[in-house]
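Count along the sequence shown starting at 1, add 13, and that's the number in the numbering used here.
The structure under discussion appears below in the form of structure tokens.
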Amino acid sequence: MDLVLNTIGASVDNDMICALLPNKEVEIIDTSNMKIAHCMGCNQCWLKTPGICAIKDDYEDILKKLIQAENLWLVSDTHFGFLSHKCKRLMDRIMPMLNMTLGFRDGWMRHDLRYHALNIGLLYKGAVEQSMMEDWCKRTAANIGGQSLGAIALSDTFEQLRNSQLSTFPLLRGAGGINSQLTHLVIINGSPRVEKFSNTDKIVHSFVKGLDEAGITWELHNLSNHNEWDAAREAFLTHERTLIAFPLYVECVPGLMLEFLETLPAERKQQGELSFLLHGGMDEGNEYRLCERFLKGLPAQLGCSYGGTLIHGGSFLIRTSKPEMAAKMVAPYVKMGRLFAQKGNFLAPEAAKFTGAEQYPWLIRKLISLAFLAKINKGFEQFAQGWGCTRPLNDKPYS
Ligand SMILES: Cc1cc2nc3c(=O)[nH]c(=O)nc-3n(C[C@H](O)[C@H](O)[C@H](O)COP(=O)(O)O)c2cc1C
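So, in structure tokens, the structure goes:
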């Protein structure tokens, strides 16, 4: 069965959707007005109530349908060359379909499947690069053991849309780099996870030690707290340099961060430069390249120049590690703070080197698999017991 989640409602016709899909056994759900929150990264669906999301809203019924589906088609409009936050959050909430435990699939480290593989396709509206949408489908499907069903543009040709929409971004290609010395940095933590538990927060607090040493002042705003959004927006619009630090969520930016970006005006009164600090659970650099591609195109659409992206994986265990170990994991970011203090951006080669291996060689993967994975997975079980989890981590509550 094909499940279609339509996040743009009546602006696309059900008959049109059916005509485009190869399979005729289709269920279409209009999610555009449903109550669906963003995943907040609480990990309860992995470590406390395996397979059951802690957020009680309309997503639970969708999850039950996903478990019956073989193919998932998403219908989305697009912003900044990527999916809308309404569509992205549906995928961010898909975590209960996976287990916390890790293994290698097709040469890449992946979370084990709780149920079965799911193929993913996309019907989209808007000016985006087709190859970007296809890559996102491919990468996202691989996370759930499936194949990409492809990405289909819903109306007009890409070229027509591109020409009409690019002219609506006034500063799209015009924003030059910032030459002045860095004196103050606005930092936005784009993680949906509350500050207290956020790995990004720990990374940022290590990074700013490098700024402190150089006498650079900074301010931090957390998107996990909606009350901080106005101040974050104002700080971004009124300062020259902003750094958005955030975790990779389902191959790109968290839905919550996309929603925040969608609230920013396309124009600003003064020059600005936007840099990014991107981290995530998986170690290898290749995991982050689609998101990096999105980030490269984003600042110009917000009237800013691009100050580069610092990428580093392996942050997944910071939260679950003992404080001394967590401190060790984030310590290398101090050096990157020093680099940023000196250069004012992440465009220097030292920042690119910080990412590490693009993909581990076969032998290293084998070694990780044999020497560490069983221990790490056991550690998850023990952690879950500490959270009062009484079910096996691979429990299947909805089957
Ligand atoms: C909904 C969700 C999706 C995620 N998707 C990815 C992913 O695609 N790739 C990855 O390497 N890590 C992924 N992660 C792991 C986070 O990037 C990682 O745990 C990070 O350290 C969380 O930082 P935070 O505590 O500041 O939110 C995901 C986590 C969540 C909760």
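Even for Gly, the Cβ is constructed at its ideal location relative to N, Cα and C.
query, result
"Taking the continuous alpha helix (DSSP H) assigned at histidine 51, which residues delimit it?", "No alpha helix (DSSP H) holds histidine 51; DSSP gives it neither H nor E."
"Quick one: grab the DSSP three-state call for glycine 327.", "coil"
"So, is glutamate 264 buried or exposed, given that buried needs 16 or more other C-beta atoms within 10 angstroms?", "buried"
"Flag aspartate 296 as yes when its Cβ comes closer than 6 Å to any non-hydrogen atom of ligand 1, and as no otherwise.", "no"
"Considering only residues of the segment 204-247, which uninterrupted beta strand (DSSP E) runs meet the minimum length of 3 residues and lie entirely inside it, listed in chain order?", "230-235"
"Helix or strand or just coil, what does DSSP make of glutamate 40?", "strand"
"Quick one: any contact between the segment 320-340 and the segment 265-273, if contact means 3 or more CB pairs under 8 Å?", "no"
"To the nearest angstrom, how far is the alpha carbon of isoleucine 257 from that of cysteine 100?", "21 Å"
"Cα separation between isoleucine 42 and glutamate 73?", "13 Å"
"Which runs of the beta strand (DSSP E) at least 3 residues long sit entirely within the segment 98-173? Give them in chain order.", "111-118, 121-126, 132-138, 161-166"
"Give the secondary structure of proline 183 by DSSP, where H, G and I count as helix, E and B as strand, and everything else as coil.", "Confidence at proline 183 is low in this model, with a pLDDT of 40, below 50, so the placement of that residue should be treated as unreliable; the coordinate-derived value is given next. Residue state, collapsed to three classes: coil."
"With 16 as the cutoff for other CB atoms within 10 Å, does proline 35 come out buried or exposed?", "exposed"
"Would you please state the rounded distance, in angstroms, between the beta carbons of isoleucine 10 and leucine 60? I believe it to be under 8 Å.", "Because residue 10 is not part of the residues shown, which for the chain are 14 to 412, the question remains open."
"Rounded to whole angstroms, what is the Cα-Cα separation between valine 221 and asparagine 238?", "21 Å"
"Taking leucine 111 and aspartate 125 to be in contact with their CB atoms under 8 Å, please state how far apart those CB atoms are, rounded to whole angstroms.", "7 Å"
"In this structure, what does DSSP give as the bridge partners for serine 412?", "None, per the DSSP bridge assignment."
"Please report the residue range of the beta strand (DSSP E) in which asparagine 19 lies.", "15-19"
"Specify the secondary structure class of tyrosine 72 as computed by DSSP and reduced to three states.", "helix"
"Just verifying my parser: in three-state terms, what is the DSSP assignment at tyrosine 346?", "helix"
"Where does the unbroken beta strand (DSSP E) through arginine 254 begin, and where does it stop?", "254-260"
"Ends of the alpha helix (DSSP H) at asparagine 27?", "27-33"
"Is there contact here, the segment 214-230 with the segment 158-169, by at least three beta-carbon pairs under 8 Å?", "no"
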